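Each residue of the first sequence is one higher than the last, beginning at 1 in full-length UniProt numbering.
A short worksheet on the structure shown next.
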Amino acid sequence: MHSQIPISGFAHLESLISFIKSATQTTQLLQIHAHLLRTSLIQQSTFSVPFLRRISLPPFQNLTYSLHIFSQISKPNVTHYNAMIRAYAMSSHPERGFYVYRDMMRRGIRPNPLSSSFVTKSCIRGSSLFRGLQIHARVLRDGHQSDTLLLTALMEFYSNGARCDDACKVFDEMSVRDTVAWNVLVSCYTRNGRTRDALGVFDTMRSGEHGCDPDDVTCLLLLQACSNICAFEFGERIHRYIKDHGYIHALNLCNSLVAMYSKCGQLDKAYEVFKQIPNKDVVSWTAMISGFASNGYGREAINGFREMERMGVSPDEQTFTALLSGCSHSGLLDEGRSIFGRMQAEFGVVPNVHHYGCVVDLMGRVGLVEDAYELIMSMKCKPDATIWRTLLGACKVHGNLTLGERVIEHLIELKAQEAGDYILLLNIYSSAGDWEKVIETRKFMKEKGIQTTPSASTIELKGEIHEFKVDDTSHSRINEVYEMLDEIQKQLKIGGYEADITNVGIKETETRLSYHSEKLAMAFGVLATPPGTKLRVAKDLRICTDCHNFAKMLSGVYNREVIIRDRTRFHHFREGQCSCNDFW
DNA sequence: ATAGGGTTAG
Numbered sequence: 001m002h003s004q005i006p007i008s009g010f011a012h013l014e015s016l017i018s019f020i021k022s023a024t025q026t027t028q029l030l031q032i033h034a035h036l037l038r039t040s041l042i043q044q045s046t047f048s049v050p051f052l053r054r055i056s057l058p059p060f061q062n063l064t065y066s067l068h069i070f071s072q073i074s075k076p077n078v079t080h081y082n083a084m085i086r087a088y089a090m091s092s093h094p095e096r097g098f099y100v101y102r103d104m105m106r107r108g109i110r111p112n113p114l115s116s117s118f119v120t121k122s123c124i125r126g127s128s129l130f131r132g133l134q135i136h137a138r139v140l141r142d143g144h145q146s147d148t149l150l151l152t153a154l155m156e157f158y159s160n161g162a163r164c165d166d167a168c169k170v171f172d173e174m175s176v177r178d179t180v181a182w183n184v185l186v187s188c189y190t191r192n193g194r195t196r197d198a199l200g201v202f203d204t205m206r207s208g209e210h211g212c213d214p215d216d217v218t219c220l221l222l223l224q225a226c227s228n229i230c231a232f233e234f235g236e237r238i239h240r241y242i243k244d245h246g247y248i249h250a251l252n253l254c255n256s257l258v259a260m261y262s263k264c265g266q267l268d269k270a271y272e273v274f275k276q277i278p279n280k281d282v283v284s285w286t287a288m289i290s291g292f293a294s295n296g297y298g299r300e301a302i303n304g305f306r307e308m309e310r311m312g313v314s315p316d317e318q319t320f321t322a323l324l325s326g327c328s329h330s331g332l333l334d335e336g337r338s339i340f341g342r343m344q345a346e347f348g349v350v351p352n353v354h355h356y357g358c359v360v361d362l363m364g365r366v367g368l369v370e371d372a373y374e375l376i377m378s379m380k381c382k383p384d385a386t387i388w389r390t391l392l393g394a395c396k397v398h399g400n401l402t403l404g405e406r407v408i409e410h411l412i413e414l415k416a417q418e419a420g421d422y423i424l425l426l427n428i429y430s431s432a433g434d435w436e437k438v439i440e441t442r443k444f445m446k447e448k449g450i451q452t453t454p455s456a457s458t459i460e461l462k463g464e465i466h467e468f469k470v471d472d473t474s475h476s477r478i479n480e481v482y483e484m485l486d487e488i489q490k491q492l493k494i495g496g497y498e499a500d501i502t503n504v505g506i507k508e509t510e511t512r513l514s515y516h517s518e519k520l521a522m523a524f525g526v527l528a529t530p531p532g533t534k535l536r537v538a539k540d541l542r543i544c545t546d547c548h549n550f551a552k553m554l555s556g557v558y559n560r561e562v563i564i565r566d567r568t569r570f571h572h573f574r575e576g577q578c579s580c581n582d583f584w
């Protein structure tokens, strides 16, 4: 035995507690356990609760042991129960926390706010909606609705179940809101697709009489939100806030800043932050490489990788995903293949679906669609829907009808076919002139009730985010936008633009042409900004050929730089050209 | 008296 347990006397009891709290080895725990049993101190929650805590939390997390201790306590009180609920909530059987909670009430022990807070956690981890609702009802009945920490847990619960409105309701009814509560609100908004509302919190949380200051976590969450919708100016504001509040030395925030600027198409800004990070880790390097890659600078991504090697930082899975995607976006076939080969041999990174996906994209891009198919079939890991979709996209570009049909079969087998897949197939048929199949597929889609989900595009103007969807008329200046769009179409026609009729997404509605959301966003940009202003649009799906042509023409005719970030990459339009070589 | 929270940084 390395250290001795304090034997007796009141003064020693305190050191016993600290001994429990600092125990790092199982032998120590067993020793303490024996002592607690011998002295019957185990019956006192002062000792048994810290002990339970110690063994149920990392590094031990020994649930069997926790249960054993719990059974040796003759009259467990609330705190004992709480410790057990918590242990279960954090275990791989979170739902058992609820059983303990119920058992506690059966024995006539009233749960306190802390019990409810832990059991809510167990519902979150176990995704048990109904039980969570029961707990909320009980919390209200027990009059615990003024406990900020408990209500925060309940917000998380609703946020986790995609019930954003309920989470907001809990938040609204909170009497005291601290920074953590606000952070949960931000996280709730971003996780449930309400990015603009998330950004709005940055200002609302500071105003009002009980205002809270955003902390490092808030900044991290908001930077993510900015990345999602290309909110560059907003991102800059947060960057300033980070500097002003002394968070600039936090590595996670710096890495997030690099990612945010990259995802807003501002590589220079990303690099500026990147080069000032003193202790760059894998994440920093990967963020930068990924920034180069998605903005179409495949060579720079590869150079970045070399530099990273020189600095002695070892790459991981995600570094290679970034690198390979850079190769595919820039059409660097040989480089991509070489990296793919070195990856496992030199760095011991086993290729995953994403890595294969990039190589498939790379091969598909240069027309090696059959080879890409063979590669997918030879994979050790199970092909996912995305990789099949990548190949389907390549089939569309190269007009490979038979392979396209085979790929759809695989998607059907995975039960993962989406509207977009059929749209691609439709496009393959229509560009091949096979109208019979077009009609057939359309009919099939209608029968199966496959509907196209309207995609959204956002554009930021003076820090304010404007969102557009197809046929969406909710924007306050929508009529002007449509007028402007008609005007632009007219101008572009003079320049030789023609709507791509092989594209199925465009249809006439009763009143006006139906435009893709990115066109609406661009038109709004032209309308609402002075001539020459750069337009930055973010889109949640991939841009289509027609909109791509439209943007190219617009950048020339209107002399505007346009940046569109779609689901997979950036398109920098300038003087009638696009930086990408995405087969358009 | 004892006891609690938010972030998969790429």
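The C-beta atom is built at its ideal place from N, Cα and C for all residues, glycine as well.
Since this is a predicted model, take the numbers as computed values, not measurements.
Buried versus exposed, by CB contacts within 10 Å (16 or more), residue i
i: N549; result: buried
i: C327; result: buried
i: H355; result: buried
i: L457; result: Inspection of the sequence shows that residue 457 is occupied by Ser rather than by Leu. With 16 or more Cβ atoms within 10 Å of its Cβ, S457 is classed as buried.
i: Q577; result: exposed
i: G525; result: buried
i: M377; result: exposed
i: D268; result: exposed
i: D213; result: exposed
i: N303; result: exposed
i: W182; result: buried
i: G341; result: exposed
i: S227; result: buried
i: S476; result: exposed
i: I242; result: buried
i: Q266; result: buried
i: Q25; result: exposed
i: D244; result: exposed
When the options are compared against residue i, the one with the closest alpha-carbon
i: H239; options: H210, S117, R206 and F202; result: F202
i: A270; options: S117, D244 and E236; result: E236
i: V258; options: G246, H245, D244 and Q276; result: Q276
i: K263; options: A83, L251, L426 and I289; result: I289
i: S74; options: G97, R102, Q44 and F51; result: Q44
i: L391; options: M105, K380 and L368; result: L368
i: S116; options: R106, R86, S128 and R107; result: R86
i: F118; options: Y88, T46, Q266 and V180; result: Y88
i: I55; options: L29, T46 and P76; result: L29
i: E173; options: A394, C188, H144 and V407; result: H144
i: M363; options: E335, M205 and T79; result: E335
Residue i - DSSP class collapsed to helix/strand/coil
i: H329; result: helix
i: A416; result: coil
i: H33; result: helix
i: T533; result: coil
i: G132; result: helix
i: S314; result: coil
i: H410; result: helix
i: R107; result: coil
i: H516; result: coil
i: L154; result: helix
i: K507; result: Residue confidence is low: K507 scores 44 on pLDDT, short of 50, so the model does not pin down where it sits. No coordinate-derived value is stated.
i: R389; result: helix
i: Y497; result: coil
i: M475; result: A small fix is needed here, since residue 475 is His in this sequence, not Met. In this structure, H475 counts as coil in the three-state DSSP scheme.
i: Q489; result: helix
i: W138; result: According to the sequence provided, residue 138 is Arg. The question's Trp does not apply to it. Three-state DSSP puts R138 in a helix.
i: Q28; result: helix
i: P351; result: coil
i: H398; result: coil
i: L16; result: helix
i: P383; result: coil
i: H2; result: Caution applies to H2, whose pLDDT of 44 falls short of 50 and renders its modelled position unreliable; the value that the coordinates give is listed next. Three-state DSSP puts H2 in coil, outside helix and strand.
In DSSP terms, what residue i is bridged to
i: R574; result: Q577
i: F466; result: Inspection of the sequence shows that residue 466 is occupied by His rather than by Phe. According to DSSP, H466 bridges with I459.
i: A538; result: T458 and R565
Open item on the list: Just to confirm the assignment: which complete alpha helix (DSSP H) runs, minimum length 4, are found wholly within the stretch 220-253?
Closed with: 232-244
Task: Continuous alpha helix (DSSP H) assignments of at least 4 residues falling wholly in the stretch 162-220 - done: 164-172, 179-191 and 195-204
Task: Those runs of the alpha helix (DSSP H) which lie wholly inside the stretch 248-309 and span at least 4 residues - done: 251-263, 267-275 and 282-294
Open item on the list: Just to confirm the assignment: which complete alpha helix (DSSP H) runs, minimum length 4, are found wholly within the stretch 30-97?
Closed with: 45-56, 63-72 and 78-89
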